[in-house]
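Residue numbers (mature numbering (1 follows the signal peptide of the UniProt record, and there is no 0)): -34 to -1, 1 to 154.
Below, the structure written as structure tokens:
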């Protein structure tokens, strides 16, 4: 049919059909390509990025090890007749394991987490850090920290990779003993 002799209505319908066919072909091509593996250019670029010298690997405490340590801390507290909560955080202060022991107070879970966060942040037991407040009282204003005894860092080659915090015993010294019992199960 000659486009010059077609009515406006016929031209609109013909144009719509052409657009529909073109769209179907395009969608089909995209769908077919979606099932294809990466092109070599993309694979090469990804491979090149993995050898970037600006990337580092950091040791991480496994979830099994974190759970083992938390359970050991809780068992030490139970043996002493104390009702505590135990938190294990990773190097970034993210909670990996939190155990709220039977009979532990409502504040103990958050306190244990904050003690662990504080210990990993400074790579030191929180009992030592609490003593530093006399020289630097502003430390206590850092969010999510708690400068009370009961937090112990977990180290690998001298660097902090995690920490255990315990809260709920009548004294921070007891909390810290229970935290250290968890660290001891990790072999270091």
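Beta carbons: idealized from backbone N, C-alpha and C, even for Gly. Only a predicted model underlies this, so the values are computations on that prediction, with no experimental measurement involved.
Within 10 angstroms of its Cβ, does residue i collect 16 or more other Cβ (buried), or is it exposed?
{"i": "residue 79", "result": "buried"}
{"i": "residue -5", "result": "Confidence at residue -5 is low in this model, with a pLDDT of 48, below 50, so the placement of that residue is unreliable and no value is reported for it."}
{"i": "residue 46", "result": "exposed"}
{"i": "residue 58", "result": "exposed"}
{"i": "residue 135", "result": "buried"}
{"i": "residue 11", "result": "Low per-residue confidence applies at residue 11: pLDDT is 49, beneath 50, and the placement is therefore not dependable enough to give any value."}
{"i": "residue 104", "result": "exposed"}
{"i": "residue 125", "result": "exposed"}
{"i": "residue 206", "result": "No answer is possible for residue 206: the residues shown for the chain start at -34 and end at 154."}
{"i": "residue 69", "result": "exposed"}
{"i": "residue 86", "result": "buried"}
{"i": "residue 31", "result": "buried"}
{"i": "residue 84", "result": "buried"}
Candidates the options: which alpha carbon is nearest residue i's?
{"i": "residue 133", "options": "152, 101 and 113", "result": "113"}
{"i": "residue 111", "options": "69, 91, 146 and 120", "result": "91"}
{"i": "residue 156", "options": "22, 33, 41 and 127", "result": "As displayed, the chain neither begins before -34 nor continues past 154, which places residue 156 out of reach and without an answer."}
{"i": "residue 82", "options": "24, 22 and 119", "result": "119"}
{"i": "residue 138", "options": "95, 60 and 23", "result": "95"}
{"i": "residue 77", "options": "22, 27, 44 and 109", "result": "109"}
{"i": "residue 26", "options": "121, 148, 147 and 141", "result": "121"}
{"i": "residue 72", "options": "93, 50 and 107", "result": "50"}
{"i": "residue 29", "options": "97, 106, 19 and 60", "result": "60"}
Contact defined as beta carbons within less than 8 Å: I believe residue i pairs with residue j. What is the distance between those atoms, to the nearest angstrom?
{"i": "residue 62", "j": "residue 55", "result": "6 Å"}
{"i": "residue 41", "j": "residue 130", "result": "In fact, because the Cβ distance is near 13 Å, the residues do not count as touching under 8 Å."}
{"i": "residue 150", "j": "residue 116", "result": "The Cβ separation is near 16 Å, so there is no contact."}
{"i": "residue 148", "j": "residue 38", "result": "5 Å"}
{"i": "residue 142", "j": "residue 93", "result": "5 Å"}
{"i": "residue 102", "j": "residue 67", "result": "At roughly 33 Å, the Cβ-Cβ gap does not stay under 8 Å, so residue 102 and residue 67 are not in contact."}
Just curious, the alpha helix (DSSP H) that residue i is in, first and last residue?
{"i": "residue 149", "result": "138 to 150"}
In the DSSP assignment, the beta strand (DSSP E) including residue i goes from what residue to what residue?
{"i": "residue 128", "result": "125 to 133"}
{"i": "residue 102", "result": "Run containing residue 102: none; DSSP gives neither H nor E here."}
{"i": "residue 116", "result": "Here residue 116 belongs to no beta strand (DSSP E), and DSSP marks it neither H nor E."}
* 3-residue-minimum beta strand (DSSP E) runs that sit fully inside the segment 39 to 90, ordered along the chain -> You should have 51 to 56 and 61 to 66.
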